[in-house]
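Enquirer: Going line by line, the protein sequences match chains A and B.
Start counting at 1 in the first sequence, then tack on 206, and there's your number in this note's numbering.
Start counting at 1 in the second sequence, then tack on 16, and there's your number in this note's numbering.
Ideal Cβ positions, reconstructed from N, Cα and C, are used throughout, including at glycine.
The structure is given below, and queries will be raised subsequently.
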Amino acid sequence: MKADVSRISYRPKLALAAASALVLIVLALLPPFIGLYQTQLLTYGLIAAIAALGFNILLGYTGLLSFGHSAFFGIGAYSIAFLLRDAGIHSMELYILIGLPIAALASALFGYICVRHTRIFFGILTLALSQVLYSLALKLFWITGGTDGLRVPRPTLLAGTISFTGAGAFQRFIDAYYYYVLGVFAICVVVMWVIVHSPFGKALQAIRDNEIRAAFLGLRIHRFRWMSFLISGTFTGLAGILWAPLNGLTTPDVLYWPFSGEIVFTTLLGGFRNFTGPIVGGIVFTYLKTYAVATTEYWQLLLGVVLVLLVMLLPTGIVGAISAAAKKLGPNSP
Amino acid sequence: MILLRTVDLRKQFGETKACDGVNFVVNKGEFISLVGSNGAGKTSLVNLISAQLKPDSGQILFEDKDITFASVHERIKAGIARSFQIVNLFDALSVFDNVALSVFTREGKTAKIATLAEHDQAVRDETFDVLGRFGLRDKSSVPAGGLAQGERKLLDVAVAYALRPKLLFLDEPTSGVSTRDKTQIMDTVSSVVRAGAVTAVVIEHDMDVVFRYSDRIVMMHEGRFLADGTPEEIKANKDVASILLGAPLSA
């Protein structure tokens with residue numbers, strides 16, 4: 207009997223939820239087996255995945271390539287450094303609760319300026335605005351610490367119930383912070399998945415595919431692009447908030463344009479035409495960069511070669527290539 | 017009852033007069049064909065009415081309201097929709113999503129960010145109903161980019177139809193398809209449009225199609241209306257015959 211396609215089917219979503227839960231369990235069980243250093247690296251990877259996930263709603267789902275997302279990452283990182291220094295706040299939850307609206311506000315403002323343009327003009331505008339912030343971070347050294355940056359000591363977690371002082375504090379922090387970031391990462395993935403599968407997400411994809419037709423459906427193009435920019439910047443800002451305590455320091459480097467390039471690279475590496483691409487890209491790029499830096503002083507050259515090969519051989523990224531291969535090998539393949 | 021009226025509508029591109037004082041009246045419930053040779057001004061007229069172009073002068077009245085300077089969004093809200101000469105779809109989205117988006121937009125649900133699009137049963141039902149009318153129900157999960165040309169043409173019209181417009185402009189719905197597909201497409205489009213009580217204006221070159229499906233035919237030539245009447249009146253019009261055969265017009 208043929209299934210009635212007009213009825214909602216929950217089976218694919220249950221399968222997806224089960225697969226996601228399995229991945230989450232594996233990630234949760236990993237730390238005792240991989241050791242402290244790898245746990246720290248994986249935490250960086252998850253943070254990069256959150257940034258790329260946010261970036262991809264703009265690139266993959268709205269069709270806008272930003273070269274200025276370092277701005278939101280940097281705003282997230284600096285906002286908590288200021289909260290710590292100027293307001294004496296040590297709680298990670300307060301960092302997120304206060305830092306997130308700051309990142310959202312900056313994204314809303316930048317987005318308002320940028321989304322009136324597309325293609326290269328959009329990219330250049332985002333780049334220019336992010337470099338204004340970079341210059342301010344460098345020049346206003348009495349506020350930002352200049353090139354020295356600002357220290358971000360280990361915060362307390364879960365409303366001050368977990369703090370990190372005394373002997374073995376670093377190890378305890380990495381262990382606890384990994385699970386903290388993993389929890390935030392899981393929430394981010396669910397939230398972003400719902401967004402891109404919502405009517406709003408479908409409208410973004412329609413605008414990406416065919417702006418003129420989308421306008422003739424009655425969609426207000428600029429408003430949707432602005433909303434996408436706002437969500438994207440806020441997610442990337444959250445990644446900056448999570449990154450600063452792990453790094454222990456924030457410097458103007460995270461506002462500089464090569465850092466925006468890294469976010470683009472991360473997303474391309476995983477694949478920007480599928481949901482999981484940026485997640486895989488975030489984790490793989492973190493390891494790739496870490497080991498490239500450890501291997502050679504010409505690590506930028508190595509990453510450049512990887513990027514060239516990626517564009518030439520895997521234009522759909524790692525996940526795109528795996529999906530294509532799976533389709534070819536699947537039971538219904540020709 | 018008059019649905020749409022243009023008053024002395026003019027649009028010029030350089031020396032070319034795309035619309036040269038057009039007074040176009042569309043009555044509610046009509047199925048009108050807009051014909052004429054290439055460059056006659058048919059698509060420009062539709063572009064002016066649908067807000068893709070701004071007129072140099074003149075007025076556009078829809079249900080007696082002046083919409084001459086209304087935005088695309090406002091005109092769609094008023095009840096004007098269109099399809100395009102070159103198929104204009106969201107190729108990476110499924111056939112279902114293409115039509116569902118029209119329904120979401122019409123219902124003002126596109127700002128919904130925290131619910132899954134495919135879990136809106138009302139939208140789902142209406143989308144499948146529209147797809148069924150256009151014979152595309154079985155293709156609902158196929159990406160629009162993967163459809164055959166005839167199906168793409170039908171989907172293009174279905175996307176506009178799902179907006180539930182009062183006035184629907186169809187710009188060459190049968191261009192680029194085989195003769196057999198043309199009949200199938202026009203049979204489907206005309207029956208769906210008539211069943212839905214939608215007023216339709218179709219730009220078409222194939223005169224067999226035009227004479228077979230139209231209540232009224234309007235012929236444009238060099239930005240002006242040359243003839244306006246029933247298919248029988250148009251068939252009997254010598255100027256129309258001259259244009260169609262490439263002969264000079266009568267004095």
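1) Just checking, does the stretch 263 to 278 of chain A make contact with the stretch 287 to 298 of chain A on the three C-beta pairs under 8 Å criterion?
2) How about I489/A and G282/A: are their beta carbons less than 8 Å apart?
3) Any idea if D10/B is buried or exposed, counting beta-carbon neighbours within 10 angstroms, 16 or more meaning buried?
4) Using a Cβ distance threshold of 8 Å, determine whether the stretch 96 to 115 of chain B contacts the stretch 165 to 180 of chain B, with at least three qualifying pairs required.
5) Comparing the C-beta of N416/A with each C-beta of chain B, is any distance below 8 Å?
6) If you draw a straight line from the alpha carbon of D36/B to that of L77/B, how long is it in whole angstroms?
7) Within a Cβ cutoff of 7 Å, which residues of the same chain sit near A527/A, ignoring the five residues on either side of it in sequence?
8) Taking only beta carbons into account, state which residues of the stretch 395 to 411 of chain A come closer than 8 Å to chain B, listed in chain order.
9) Can you list, in chain order, the residues of its chain whose CB lies under 7 Å from that of K27/B, leaving out five sequence neighbours each side?
10) Out of L19/B, V209/B, A116/B, D187/B, state which residue places its alpha-carbon closest to the alpha-carbon of E220/B.
11) Check whether the Cβ atoms of S230/B and I18/B sit closer than 8 Å, and answer yes or no.
12) Could you confirm whether any beta carbon from chain B is found closer than 8 Å to the beta carbon of V321/A?
13) Should A267/B be flagged as near chain A, meaning a C-beta pair shorter than 8 Å?
14) Pull up the DSSP beta-bridge partners for V218/B, would you.
15) With DSSP as the reference, please indicate the residues paired to I96/B in a beta bridge.
16) With 16 other CB atoms within 10 Å as the buried threshold, where does A255/A fall?
17) Are T204/B and L170/B touching if we call contact CB-CB under 8 Å?
18) With distances taken Cα to Cα, identify the nearest neighbour of G452/A among L228/A, L315/A, K219/A, L247/A.
19) Going by DSSP in three states, S66/B sits in which element: helix, strand or coil?
20) Along the chain, where does the alpha helix (DSSP H) containing H428/A start, and where does it finish?
21) Rounded C-beta distance between G443/A and L331/A? I'm assuming under 8 Å.
22) Against chain B, does I393/A count as a neighbour if the rule is that its beta carbon must be under 8 Å from one of theirs?
23) Kindly confirm or deny that the stretch 136 to 155 of chain B and the stretch 379 to 390 of chain A touch, where touching means at least three C-beta pairs closer than 8 Å.
24) Find the nearest neighbour of S191/B within the set V234/B, E134/B, V214/B, E167/B, judged by alpha-carbon distance.
25) Between which two residues does the beta strand (DSSP E) holding H403/A run?
26) Shorter than 8 Å from the beta carbon of F241/B to some beta carbon of chain A?
27) Roughly how many angstroms separate the alpha carbons of M207/A and A133/B, rounded to a whole number?
28) Verify whether the separation of the beta carbon atoms of I447/A and I302/A is less than 8 Å.
29) Closer than 8 Å, CB to CB, is L423/A near chain B or not?
30) Need the endpoints of the beta strand (DSSP E) that S272/A sits in, please.
31) Whole-angstrom Cβ separation of R426/A and H89/B, contact assumed at under 8 Å?
32) Grab me the residues of V42/B's own chain with a C-beta within less than 8 Å of its C-beta, minus the 5 sequence neighbours each way, in chain order.
33) For N262/A, report the span of its alpha helix (DSSP H) as first-last.
34) Taking beta-carbon pairs under 8 Å, can you tell me which members of the stretch 82 to 108 of chain B lie near chain A?
35) Please report whether the beta-carbon of M207/A lies at a distance below 8 Å from any beta-carbon of chain B.
36) Against I214/A, what residues of chain B qualify as contacts under a CB-to-CB distance less than 8 Å, listed in chain order?
Expert: On the basis of the data shown:
1) Because the criterion of three Cβ pairs below 8 Å is not met, the stretch 263 to 278 of chain A and the stretch 287 to 298 of chain A do not touch.
2) no
3) What is shown of chain B runs 17 to 267, which leaves residue 10/B out entirely.
4) yes
5) Interface annotation, N416/A: in contact with chain B, CB-CB separation under 8 Å.
6) 17 Å
7) L520
8) V400, I401, H403, S404, P405, F406, G407, K408, A409, Q411
9) A34, C35, S60, L64, L69, P71, D72
10) Selected option, being the one with the closest Cα: D187/B.
11) no
12) no
13) Note on A267/B: pLDDT 46, under 50, position unreliable in the model; the coordinate value appears next. Not an interface residue.
14) S49/B, L186/B
15) L183/B
16) buried
17) yes
18) Just to set this straight, residue 452/A is Leu in the shown sequence, not Gly. Of L228/A, L315/A, K219/A, L247/A, the residue nearest in Cα terms is L247/A.
19) Here S66/B sits in coil by DSSP.
20) 427 to 453
21) G443/A to L331/A, Cβ: 18 Å. No contact.
22) no
23) Judged by Cβ distances under 8 Å, the stretch 136 to 155 of chain B makes no contact with the stretch 379 to 390 of chain A, as fewer than three pairs qualify.
24) E167/B
25) Where H403/A is concerned, there is no enclosing beta strand (DSSP E), although the alpha helix (DSSP H) it sits in stretches over 375 to 403.
26) no
27) Low confidence applies here, because M207/A scores a pLDDT of 48, under 50, leaving its location unreliable and the question unanswered by this model.
28) yes
29) yes
30) It is not in any beta strand (DSSP E) - S272/A carries neither H nor E in the DSSP assignment.
31) 6 Å
32) I18, L19, L20, R21, I48, L183, T215, V217
33) Looking at the DSSP string, the run of the alpha helix (DSSP H) that includes N262/A is 237 to 265.
34) V88, H89, I92, K93, A97, R98, F100, N104, L105, F106, D107, A108
35) At M207/A the pLDDT is 48, less than 50, meaning the model places this residue with poor confidence; the figure from the coordinates comes in the next sentence. It does not; no Cβ of chain B falls within 8 Å.
36) Ordered by position in chain B, the residues that pass the 8 Å Cβ test against I214/A are E134, H135, Q137, R140.
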